[in-house]
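Protein chains in written order, with our numbering: chain A, 1 to 162; chain B, 163 to 324; chain C, 325 to 486; chain D, 487 to 648.
4 protein chains.
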Amino acid sequence: MKKIRLLSTGGTIAKRYDEISGELVFDEAHIKKMFSQGRSNLNIKISPLMLKDSQDMDENDREIIYQACQDNLESYILITHGTDTMVESAKKLSSIKDKTIILTGAMIPYAFKNSDAMFNLGVALSAIETLPNGIYITMNGQIFTWDNVQKNKKEGKFETLI
Amino acid sequence: MKKIRLLSTGGTIAKRYDEISGELVFDEAHIKKMFSQGRSNLNIKISPLMLKDSQDMDENDREIIYQACQDNLESYILITHGTDTMVESAKKLSSIKDKTIILTGAMIPYAFKNSDAMFNLGVALSAIETLPNGIYITMNGQIFTWDNVQKNKKEGKFETLI
Amino acid sequence: MKKIRLLSTGGTIAKRYDEISGELVFDEAHIKKMFSQGRSNLNIKISPLMLKDSQDMDENDREIIYQACQDNLESYILITHGTDTMVESAKKLSSIKDKTIILTGAMIPYAFKNSDAMFNLGVALSAIETLPNGIYITMNGQIFTWDNVQKNKKEGKFETLI
Amino acid sequence: MKKIRLLSTGGTIAKRYDEISGELVFDEAHIKKMFSQGRSNLNIKISPLMLKDSQDMDENDREIIYQACQDNLESYILITHGTDTMVESAKKLSSIKDKTIILTGAMIPYAFKNSDAMFNLGVALSAIETLPNGIYITMNGQIFTWDNVQKNKKEGKFETLI
Chain A
1 MKKIRLLSTG GTIAKRYDEI SGELVFDEAH IKKMFSQGRS NLNIKISPLM
51 LKDSQDMDEN DREIIYQACQ DNLESYILIT HGTDTMVESA KKLSSIKDKT
101 IILTGAMIPY AFKNSDAMFN LGVALSAIET LPNGIYITMN GQIFTWDNVQ
151 KNKKEGKFET LI
Chain B
163 MKKIRLLSTG GTIAKRYDEI SGELVFDEAH IKKMFSQGRS NLNIKISPLM
213 LKDSQDMDEN DREIIYQACQ DNLESYILIT HGTDTMVESA KKLSSIKDKT
263 IILTGAMIPY AFKNSDAMFN LGVALSAIET LPNGIYITMN GQIFTWDNVQ
313 KNKKEGKFET LI
Chain C
325 MKKIRLLSTG GTIAKRYDEI SGELVFDEAH IKKMFSQGRS NLNIKISPLM
375 LKDSQDMDEN DREIIYQACQ DNLESYILIT HGTDTMVESA KKLSSIKDKT
425 IILTGAMIPY AFKNSDAMFN LGVALSAIET LPNGIYITMN GQIFTWDNVQ
475 KNKKEGKFET LI
Chain D
487 MKKIRLLSTG GTIAKRYDEI SGELVFDEAH IKKMFSQGRS NLNIKISPLM
537 LKDSQDMDEN DREIIYQACQ DNLESYILIT HGTDTMVESA KKLSSIKDKT
587 IILTGAMIPY AFKNSDAMFN LGVALSAIET LPNGIYITMN GQIFTWDNVQ
637 KNKKEGKFET LI
């Protein structure tokens, strides 16, 4: 069984409702809850890197993600990430040639009844088990290569450039 | 984009609670609800074949599944199926050499809060987009070939034979 | 604040899906989960009496419920109960004149996404805080007295006799 | 059966996640979904008054609520409302002496898995069926009179003044 490293960075997938502030905040426990609900049997180690809206990520944050991909020994890396700058982070990682790296996230947080988080996590994990080395984004049930994907912000879905 | 055919046959994934009878019954609409929740953008046609507990499937039922795999023009076929005889149905299909066929299902029905259905559907779809021709089962986040998988009924999970 | 005693007896409200057997079983923890989700601040003690489909309850079971209502010191008693014989159990308790006793349950188990359990629990608790001594059933948002209620099994709802 | 008027004004209970903006917005359909899930049989007419965070309500908004309570012919009025200024709106209504008016809401929106909305709606409906004329708040399973209640913002729960 492949050894997989999951790097969590926050994003929509991780948000829960804070009843004191009345605002969305990040739930550090969301990844473990999802694997448990999916009855996953995979060999996965989880490293929380940060808890950020991807709109608030800067070059420094992307450097941290890049370094974590380099430093972790696993060849298979799954990154949970906000959708707004997921494509930029994928580009940042494109110089890494010897690993299979998948970025995924959610349009609706895991904490909501109608969330796509469990579905997206499933797509990403299966992709990481089967795809050759490279940098990919999986959203909307589709697998995209890092250099042919964009977020259509009007429709709230990912699509190829052409 | 690959053209995928989904054959639904019932199983745990499809069960809902019937408030008149107080029993679990099959919900024909479960597949559409799941694709909608997953915000899937894939090109998938759905064919309901039957609505059965896989424990109640006989040789005749498996023949219907086999014929549907043969008759549908798509090379990529996803079958939602009860878990108890999923392995037997996979065996039945093993003579089909020119298609990628994935069987999946759920340990907990989609209608339950803690269901693994969305996760399993994601794993199966991604597998169908990436795997070479062959017959596979995807459960518990893992991809199994038809000839090296069994359901561990005591623990309620799928595992390799050796 | 009134001291309330909750007697749980099983019924639809308490069912969860057992992934090993593939059948509905009773979840002993359902009551605590519901109070926690409701952010209830009430002073309530919980006594699990049994875990039974109300169809399977016999005169002996109803005697146990009757005794528990008598033995517990609280004047306010909430009973979670299967819907099929809820009316019979209410009748059994009708000789108790010095307490407010409410029976409630659910048409769809708490474990399902579309459950009415939280709603029904809320209706019952508020009723117990406001109603005079007597035996009542609360279902479908309505408050019924024990001697003017029946379950319409065809439509799956409770209604008055006339 | 009592004729009840429900006035919806927005608040936490009504929020859903907008996947285009990535923000919480108001879902006009939340009330109907809740009654349907609760399998309510009550005679209730729904009037959407506004969709506002109660923090953003001003004297003008409270005047609209006050007028709606006066203008509607029903003697039983349920108001769904944000929690932050629920107490202020209750005060505003305290001069109405010939109706039973209940204000309720939620700490966690209905759209979230762990929402208290269904529970609170149940408590409010039962209270409206049983309480004498007056202005009340129902939250955390408790019934408060308008002149003896405050929101403890630190703990996120409602409590009596003394």
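All residues carry an ideal CB built from backbone N, CA and C; glycine is no exception. Keep in mind the model is a prediction, meaning the values are calculated, not measured.
Item to check | Any 3 or more C-beta pairs closer than 8 Å across the segment 434 to 452 of chain C and the segment 619 to 639 of chain D | outcome: Segments in contact, yes.
Next on the checklist: Distance check for serine 360(C) and asparagine 444(C), CA to CA, integer angstroms please.
Outcome noted: As a working note, residue 444(C) is residue 120 in the third sequence. As a working note, residue 360(C) is residue 36 in the third sequence. The alpha-carbon atoms of asparagine 444(C) and serine 360(C) are separated by roughly 15 Å.
Next on the checklist: So that I know if they touch, is there some Cβ in chain A lying closer than 9 Å to that of alanine 305(B)?
Outcome noted: By one-based count along the second sequence, residue 305(B) stands at place 143. The sequence as given places isoleucine at residue 305(B); alanine does not occur at that position. For isoleucine 305(B), the answer is yes, since a Cβ of chain A falls inside 9 Å of its Cβ.
Checklist entry - In chain A, which residues lie with their C-beta within 8 Å of the C-beta of arginine 579(D)? => result Position 93 of the fourth sequence, counted from the start, is the residue given in the question as residue 579(D). Rather than arginine, the amino acid found at residue 579(D) in this sequence is leucine. Within chain A, no residue comes near leucine 579(D); the closest Cβ sits about 23 Å away, beyond 8 Å.
Next on the checklist: Quick check on DSSP: helix, strand or coil for leucine 283(B)?
Outcome noted: For the purposes of this step, residue 283(B) is identified with residue 121 of the second sequence, where counting begins at 1. In the structure shown, leucine 283(B) sits in a helix (DSSP, three-state: H, G or I).
Next on the checklist: Against chain D, with Cβ distances strictly below 9 Å, would lysine 478(C) count as a contact?
Outcome noted: One-based indexing of the third sequence puts residue 478(C) at position 154. Not one chain D Cβ lies under 9 Å of lysine 478(C).
Checklist entry - Closest to isoleucine 328(C) by CA distance: which of Lys357(C), Ala338(C), Leu366(C) is it? => result Your numbering for residue 328(C) matches position 4 in the third sequence. Restricting attention to Lys357(C), Ala338(C), Leu366(C), the CA atom closest to the CA of isoleucine 328(C) is found in Leu366(C).
Item to check | CA-to-CA distance, glycine 105(A) to proline 48(A), given in whole angstroms | outcome: What you label residue 48(A) is simply residue 48 of the first sequence in a count that begins at 1. What you label residue 105(A) is simply residue 105 of the first sequence in a count that begins at 1. Pairing proline 48(A) with glycine 105(A), the inter-Cα distance amounts to about 14 Å.
Checklist entry - Leaving out five residues before and five after leucine 168(B) in sequence, what residues of the same chain have Cβ atoms less than 8 Å from its Cβ? => result One-based indexing of the second sequence puts residue 168(B) at position 6. Ile193, Ile206, Lys207, Ile208, Ser209, Ile239, Leu240, Ile241, Thr242.
Item to check | Interface residues of chain B facing isoleucine 459(C) [CB-CB closer than 9 Å] | outcome: By one-based count along the third sequence, residue 459(C) stands at place 135. Correct list: empty, because the minimum Cβ distance to chain B is about 24 Å.
Checklist entry - Counting Cβ pairs, one atom from each stretch, are 3 or more of them under 8 Å apart for the segment 500 to 512 of chain D and the segment 108 to 117 of chain A? => result The segment 500 to 512 of chain D vs the segment 108 to 117 of chain A: in contact.
Checklist entry - Three-state secondary structure (DSSP) at valine 25(A)? => result Here the question's residue 25(A) lines up with position 25 in the first sequence. In the structure shown, valine 25(A) sits in a strand (DSSP, three-state: E or B).
Checklist entry - Given a limit of 7 Å on CB to CB distance, which residues of the segment 513 to 538 of chain D reach chain C? => result Taking a C-beta cut-off of 7 Å against chain C, the contacting residues of the segment 513 to 538 of chain D are Gln523, Gly524, Arg525, Ser526, Asn527, Leu528, listed in chain order.
Checklist entry - Between which two residues does the beta strand (DSSP E) containing isoleucine 565(D) stretch? => result For the purposes of this step, residue 565(D) is taken as the residue at position 79 of the fourth sequence. Looking at the DSSP string, the run of the beta strand (DSSP E) that includes isoleucine 565(D) is 562 to 566.
Checklist entry - Whose C-beta lies closer than 6 Å to the C-beta of threonine 571(D) among residues of the same chain, with five residues either side of it excluded? => result In the fourth sequence, counting from the first residue as 1, residue 571(D) sits at position 85. Result list for threonine 571(D): Ser540, Met543, in chain order.
Item to check | Residues from the segment 417 to 449 of chain C in contact with chain D, defined by Cβ distance under 7 Å | outcome: Answer set for the segment 417 to 449 of chain C: Met431, Asn438, Asp440, Met442, Phe443, Asn444, Leu445, Gly446, Val447, Leu449.
Item to check | Rounded Cβ spacing between threonine 498(D) and glycine 568(D) (contact assumed at less than 8 Å) | outcome: As a working mapping, residue 498(D) is identified with position 12 in the fourth sequence. As a working mapping, residue 568(D) is identified with position 82 in the fourth sequence. Confirmed, Cβ separation roughly 6 Å.
Checklist entry - Are isoleucine 101(A) and glycine 122(A) touching if we call contact CB-CB under 9 Å? => result The count along the first sequence starts at 1 and reaches residue 101(A) at position 101. The count along the first sequence starts at 1 and reaches residue 122(A) at position 122. Taking 9 Å as the Cβ cut-off, isoleucine 101(A) and glycine 122(A) do not qualify as a contacting pair.
Next on the checklist: List, in chain order, every chain A residue whose beta-carbon is nearer than 8 Å to that of isoleucine 499(D).
Outcome noted: Here residue 499(D) refers to the residue found at position 13 of the fourth sequence. What isoleucine 499(D) touches in chain A: nothing, since even the nearest Cβ is about 11 Å away.
Checklist entry - Helix, strand or coil for glutamate 479(C) per DSSP? => result Against the third sequence, residue 479(C) aligns to sequence position 155. In the structure shown, glutamate 479(C) adopts coil according to DSSP, grouped into three states.
Checklist entry - If we call anything under 9 Å between Cβ atoms a contact, is isoleucine 182(B) one with glycine 334(C)? => result Position 20 of the second sequence holds residue 182(B). Position 10 of the third sequence holds residue 334(C). Their beta carbons are not under 9 Å apart, which means isoleucine 182(B) does not touch glycine 334(C) by this criterion.
Item to check | Reference serine 399(C), options Ile388(C), Leu455(C), Ala441(C), Phe482(C), closest by Cα | outcome: Taking the third sequence and counting its residues from 1, one reaches residue 399(C) at position 75. Nearest C-alpha to serine 399(C): Leu455(C).
Item to check | Per-residue contacts from glycine 10(A) into chain D (C-beta, under 7 Å) | outcome: Locating residue 10(A) in the first sequence gives position 10, where the first residue counts as 1. Within chain D, no residue comes near glycine 10(A); the closest Cβ sits about 12 Å away, beyond 7 Å.
Next on the checklist: Spatial neighbours of glutamate 28(A) within its chain, please: C-beta separation below 6 Å, excluding the five flanking residues on both sides.
Outcome noted: As a working note, residue 28(A) is residue 28 in the first sequence. No residues qualify anywhere along the chain.
Checklist entry - Tell me, which residues are paired with tyrosine 179(B) by DSSP? => result Here the question's residue 179(B) lines up with position 17 in the second sequence. The beta-bridge partner set that DSSP reports for tyrosine 179(B) consists of Leu186(B).
Next on the checklist: Could you tell me the alpha carbon to alpha carbon distance between valine 311(B) and serine 418(C), rounded to whole angstroms?
Outcome noted: In the second sequence, counting from the first residue as 1, residue 311(B) sits at position 149. In the third sequence, counting from the first residue as 1, residue 418(C) sits at position 94. Spanning the two alpha carbons is a distance of roughly 58 Å.
Item to check | Terminal residues of the alpha helix (DSSP H) in which asparagine 60(A) lies | outcome: Here the question's residue 60(A) lines up with position 60 in the first sequence. Bounds of the alpha helix (DSSP H) holding asparagine 60(A) are 59 to 71.
Next on the checklist: Tell me which residue opens and which closes the alpha helix (DSSP H) that methionine 520(D) is part of.
Outcome noted: The residue labelled residue 520(D) in the question sits at position 34 within the fourth sequence. Membership of methionine 520(D) in the alpha helix (DSSP H) is indicated by the continuous run 516 to 523.
Item to check | Whole-angstrom C-beta distance between isoleucine 582(D) and glutamine 556(D), which should lie under 8 Å | outcome: The count along the fourth sequence starts at 1 and reaches residue 556(D) at position 70. The count along the fourth sequence starts at 1 and reaches residue 582(D) at position 96. The distance from the Cβ of glutamine 556(D) to that of isoleucine 582(D) is about 7 Å, consistent with a contact at the 8 Å cut-off.
Checklist entry - Hey, quick one: how far does the alpha helix (DSSP H) through serine 277(B) stretch, first residue to last? => result Here the question's residue 277(B) lines up with position 115 in the second sequence. Here serine 277(B) belongs to no alpha helix (DSSP H), and DSSP marks it neither H nor E.
Checklist entry - In terms of alpha-carbon separation, which member of Ile227(B), Gly184(B), Asn276(B), Leu213(B) lies closest to lysine 253(B)? => result Locating residue 253(B) in the second sequence gives position 91, counting from the first residue. Comparing alpha carbon positions, the residue from Ile227(B), Gly184(B), Asn276(B), Leu213(B) closest to lysine 253(B) is Ile227(B).
Item to check | Identified DSSP bridge partners for glutamine 142(A) | outcome: Walking along the first sequence from the start, residue 142(A) turns up at place 142. Met139(A).
Checklist entry - What are the partner residues of glycine 496(D), as DSSP defines its beta bridges? => result For this step, residue 496(D) is matched to residue 10 along the fourth sequence. Note: glycine 496(D) sits in a beta bridge opposite Lys538(D).
Next on the checklist: Just to confirm my understanding: we take asparagine 314(B), look at its own chain, exclude 5 residues before and 5 after, and list those with CB closer than 8 Å. What are they?
Outcome noted: Within the second sequence, the letter at position 152 stands for residue 314(B). Correct list, in chain order: Phe320, Glu321.
Checklist entry - Pick from Glu225(B), Gly184(B), Lys164(B), Asp309(B): whose alpha carbon is nearest that of valine 249(B)? => result Numbered from 1 along the second sequence, position 87 holds the residue referred to as residue 249(B). Per the Cα distances, Asp309(B).
Checklist entry - chain C beta carbons: is any one of them nearer than 9 Å to that of glutamate 181(B)? => result For the purposes of this step, residue 181(B) is taken as the residue at position 19 of the second sequence. Yes - at least one Cβ of chain C is within 9 Å of the one on glutamate 181(B).
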